[in-house]
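Counting in the UniProt record's numbering, the sequence shown runs without a single skipped number right up to 717 at its last residue. Data first, discussion second: the structure below is written as structure tokens.
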Amino acid sequence: MLLPLPLREAYDYRVPDGMALVPGDFVEVPLGPRRLIGVVWGPGAGTVESGRLKAVVRRFDVPPMTEVGRRFVEWVAAYTMTPPGFVLRMAVSVPSALEPPKPMLAYLRKPDAEPPPGFKMTDPRKRILALLADGPPRTPAELAEEAGCGVTVVRGLAEAGLLDPVMLQPTRLGRPDWRRPGPALSANQQGAADDLRERVTSGCYSTVLLDGVTGSGKTEVYYEAISAALEQGKQALVLLPEIALSAQWLDRFARRFGAPPAEWHSELTGAQRRDTWRAVSKGEVPVVVGARSALFLPYPDLGVIIVDEEHDSAYKQEEGAIYHARDMAVARAHLGGLPIVLVSATPSLETKVNADSHRYARIELPSRHGGALLPDVELVDLRRDRPPARHWLAPSLRKALTDTLAGGEQAMLFLNRRGYAPLTLCRACGHRMQCPNCTAWLVEHRLARKLQCHHCGLQQPLPHACPECGEEGTMAACGPGVERIAEEVAELFPDARAAIMASDTLHGPRAIQEMVESIGRHELDIIIGTQVMAKGHHFPMLTLVGVVDADLGLNGGDLRAAERTYQLLHQVAGRAGRGERPGRVMLQTFMPEHPVMQALAAGDRDGFYQLEAEMRLEAGMPPFGRLAALIVSGEDPTLVERVAMALGRAAPRSDTVHILGPAPAPLALLRGRHRRRLLMKAPRSTQVQPLIAEWLDRVEIPPAIRVQIDVDPYSFL
Numbered sequence: 001m002l003l004p005l006p007l008r009e010a011y012d013y014r015v016p017d018g019m020a021l022v023p024g025d026f027v028e029v030p031l032g033p034r035r036l037i038g039v040v041w042g043p044g045a046g047t048v049e050s051g052r053l054k055a056v057v058r059r060f061d062v063p064p065m066t067e068v069g070r071r072f073v074e075w076v077a078a079y080t081m082t083p084p085g086f087v088l089r090m091a092v093s094v095p096s097a098l099e100p101p102k103p104m105l106a107y108l109r110k111p112d113a114e115p116p117p118g119f120k121m122t123d124p125r126k127r128i129l130a131l132l133a134d135g136p137p138r139t140p141a142e143l144a145e146e147a148g149c150g151v152t153v154v155r156g157l158a159e160a161g162l163l164d165p166v167m168l169q170p171t172r173l174g175r176p177d178w179r180r181p182g183p184a185l186s187a188n189q190q191g192a193a194d195d196l197r198e199r200v201t202s203g204c205y206s207t208v209l210l211d212g213v214t215g216s217g218k219t220e221v222y223y224e225a226i227s228a229a230l231e232q233g234k235q236a237l238v239l240l241p242e243i244a245l246s247a248q249w250l251d252r253f254a255r256r257f258g259a260p261p262a263e264w265h266s267e268l269t270g271a272q273r274r275d276t277w278r279a280v281s282k283g284e285v286p287v288v289v290g291a292r293s294a295l296f297l298p299y300p301d302l303g304v305i306i307v308d309e310e311h312d313s314a315y316k317q318e319e320g321a322i323y324h325a326r327d328m329a330v331a332r333a334h335l336g337g338l339p340i341v342l343v344s345a346t347p348s349l350e351t352k353v354n355a356d357s358h359r360y361a362r363i364e365l366p367s368r369h370g371g372a373l374l375p376d377v378e379l380v381d382l383r384r385d386r387p388p389a390r391h392w393l394a395p396s397l398r399k400a401l402t403d404t405l406a407g408g409e410q411a412m413l414f415l416n417r418r419g420y421a422p423l424t425l426c427r428a429c430g431h432r433m434q435c436p437n438c439t440a441w442l443v444e445h446r447l448a449r450k451l452q453c454h455h456c457g458l459q460q461p462l463p464h465a466c467p468e469c470g471e472e473g474t475m476a477a478c479g480p481g482v483e484r485i486a487e488e489v490a491e492l493f494p495d496a497r498a499a500i501m502a503s504d505t506l507h508g509p510r511a512i513q514e515m516v517e518s519i520g521r522h523e524l525d526i527i528i529g530t531q532v533m534a535k536g537h538h539f540p541m542l543t544l545v546g547v548v549d550a551d552l553g554l555n556g557g558d559l560r561a562a563e564r565t566y567q568l569l570h571q572v573a574g575r576a577g578r579g580e581r582p583g584r585v586m587l588q589t590f591m592p593e594h595p596v597m598q599a600l601a602a603g604d605r606d607g608f609y610q611l612e613a614e615m616r617l618e619a620g621m622p623p624f625g626r627l628a629a630l631i632v633s634g635e636d637p638t639l640v641e642r643v644a645m646a647l648g649r650a651a652p653r654s655d656t657v658h659i660l661g662p663a664p665a666p667l668a669l670l671r672g673r674h675r676r677r678l679l680m681k682a683p684r685s686t687q688v689q690p691l692i693a694e695w696l697d698r699v700e701i702p703p704a705i706r707v708q709i710d711v712d713p714y715s716f717l
């Protein structure tokens, strides 16, 4: 019996008389004084006498976890060096879904019923009766919301005998219809769609890169793969990197298939997660779209996996079980013998190298759909084209904004930095406002009148006086965030309709969708935002994109800094000129000679990838080498340092395996925990997991210290 706890092995339990269990069954079992959910993993080991075994309490009436699902849990656990029980917890993330759903109370209007004497028919009561005049039964909450009153009004009508109670089972989503015709595809799109349909129909494992420029219609192409899976009666999974992208995607999907898919992400309510998990396990949900955790839902018959924007770093989970959802999705497809489609205009270098070496298949869409042209990209050299003092938009970008607005078109200003300013300091003594829990500056959010840490979430009011020297009126904001750019835009273009589009100003996917629709209706002239607006959106009247600080992601010495910066800026640039009007992109930079900037200006994506691959190959870095990190953390910095040094002394070393560190992490203090990092570098053919396991066995780790293992690290913070 495998339990969803950080346990490395299954436990034996006794099956009571009259209970039949098979591998994969979900059960309730005792563990000490508690009762826990477990999954039957196979026959017992037989190492405990039968008389000492505790009995299984009950079996839940849900389909068992499939063999592929159990093998996937084991594979992820082995690869990430995470206890299998910990991975199982991600697969059994909604324990309440194992219980049968409770019927919901709803009401119908009682035919020919008259109000009792003295019962006053108020306007809210009349509205509720009108809503139920010829409609289906509805819950009290639904009636109250639509009638604009409280649920007590509904209960009052029921007590007066004007409503009949009925019990409803939780409603299910409509089923997407693969028979509905999609939009007309170009010849290139049709060829790509036919290829994907054939792969899905064959029912065999394959990994294919759908490599298309921004605006080439990749989504409509992979919809055909989903259609093929539905035609065969199988399920489809679509992973999106950020839930912010989902609202527009969901509407588009519903138009194509006549019904929405099921969603899976952190914004869902507990009831929604419960109903979705149970419906997926019973095969009642044909299509799931979700964040990385959707990969661990209990699919009984998965037919295809789509990983949209496969290059996005949001697919890497950095807490708990550390894994990359794209890589785990490829493993899930391989175990299940089904095709997986990796979709991107700027593939990760790992994926591109796999496609170049024919380990993955590649389908290309080299041109925009409908004849739209890719935008021209210009480099604005900030060493020569300087913004005025305490301003951030260069004169050439200001002129371009003026011309764009005069032409009745829209502009987008991109800065991947939330808030008003990234640093606040005292002009009198130089004190900098820093988070007490993290090695990070507090970011000023002037609209909300607060300072905030973007790592641990700490918030505090803007200080009137310096907390160090006590001087008043000396606190100064340094550097720009999107709020400061919006302030400059309001100063320059007071008549322009402008808005900020960032994760802390738009809460939830629906708020973002409302903003997207507002932009599409041309109710806004200038949009200032972060990476929330960088991809997945289509604005026909948006012809100018200005990147305020194109160099922002190139600092810090991160292995993938150049690659990530190129991908992000390429995606941002792709928002311009997607309609009939040509687009223009202006990148403000202090380093116009940098290979990233040169590649973007020349439109030479493959040239940039070739240069990046050559540098990685020479250094033996991924995808041509292996990396694995150990992150040592704890509240006592002395103890953390002692354990990190012990690990450094015990580290495996050879002519091919090298250990770097221990060294303080760039975020040496995070959420109150002090952190040290060690990095293993090895050839691509090396299996790093056994080396790490042997390494950790040599050092005793105190209970107060946590050692996290990150195989194939993406972040080096």
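Just so you know, even glycine gets a beta-carbon here, dropped at the ideal spot from N, CA and C.
Check                                                                                              : Outcome
Nearest neighbour of G72, chosen from W41, V62, K102 [CA to CA]                                    : Checking the displayed sequence, the identity of residue 72 turns out to be Phe instead of Gly. Minimum Cα distance to F72 is reached at W41.
Environment of L168 [buried if 16+ CB atoms lie within 10 Å]                                       : exposed
Nearest neighbour of V68, chosen from R384, R521, D301, P339 [CA to CA]                            : D301
Inter-residue Cα distance where the pair is M533 and G520                                          : 13 Å
Nearest-angstrom Cβ-Cβ length linking L679 and A629, presumed shorter than 8 Å                     : 5 Å
Cβ-based burial, H674 [other Cβ within 10 Å; buried from 16]                                       : buried
Whether V707 touches L647 by CB criterion (9 Å)                                                    : yes
Exposure of E593, with buried meaning 16 or more beta-carbon neighbours within 10 Å                : exposed
Inside the stretch 490 to 544 only - beta strand (DSSP E) runs reaching at least 3 residues        : 498 to 501, 526 to 529
Euclidean distance between Cα positions of E563 and R497                                           : 34 Å
Among H570, Y566, V545, the one whose alpha carbon lies nearest that of G577                       : V545
Beta-carbon spacing of G479, R418 below 9 Å                                                        : no
Cβ pair count under 8 Å reaching 3, the stretch 211 to 229 against the stretch 179 to 188          : yes
Those residues which DSSP pairs with I692 across a bridge                                          : Partner(s): none; I692 has no beta bridge.
Burial state of L617 (16 or more Cβ within 10 Å)                                                   : exposed
For A668, the first and last residue of its enclosing alpha helix (DSSP H)                         : Element bounds for A668: not the alpha helix (DSSP H) but the beta strand (DSSP E), 658 to 670.
Of the listed residues P702, V285, M515, A321, nearest to G233 (C-alpha basis)                     : V285
8 Å contact criterion, which V154 and Y107 should meet: CB distance rounded                        : 7 Å
Same chain, Cβ closer than 8 Å to A345, neighbours up to 5 away in sequence not counted            : D211, G212, V213, T214, S216, K218, H570, Q571, G574
Neighbourhood of L31 by C-beta, 7 Å cutoff - its chain only, sequence neighbours within 5 removed  : L3
Euclidean distance between Cα positions of A394 and E488                                           : 12 Å
Euclidean distance between Cα positions of R70 and L88                                             : 9 Å
Supposed contact pair V221 and A192 - C-beta distance, whole angstroms, cut 8 Å                    : 5 Å
Beta-carbon proximity of E310 to V289, cut-off 9 Å                                                 : no
Sequence-distant residues of its chain with Cβ nearer than 8 Å to L425 (five each side left out)   : H431, R432, M433, M475, A476, C478
T505 to I528 span [Cα, whole Å]                                                                    : 11 Å
L458 versus L447: straight-line alpha-carbon distance, rounded                                     : 17 Å
Among R676, F257, S186, nearest to P176 - alpha-carbon criterion                                   : F257
Neighbourhood of T201 by C-beta, 6 Å cutoff - its chain only, sequence neighbours within 5 removed : A228
Bounding residues of the alpha helix (DSSP H) (the contiguous stretch that carries W249)           : 246 to 257
Proximity below 9 Å, CB of D403 to CB of G583                                                      : no
Where the alpha helix (DSSP H) through R564 begins and ends                                        : 561 to 573
Cβ-Cβ separation, A236 to G303 (assumed contact under 8 Å), whole Å                                : 6 Å
Whether T80 touches A428 by CB criterion (9 Å)                                                     : no
Beta-carbon proximity list for P347, same chain, < 8 Å, skipping 5 on both sides                   : L209, D211, E310, H311, A355
First and last residue of the uninterrupted beta strand (DSSP E) at T686                           : Counting along the chain, T686 falls outside any beta strand (DSSP E), and DSSP gives it neither H nor E.
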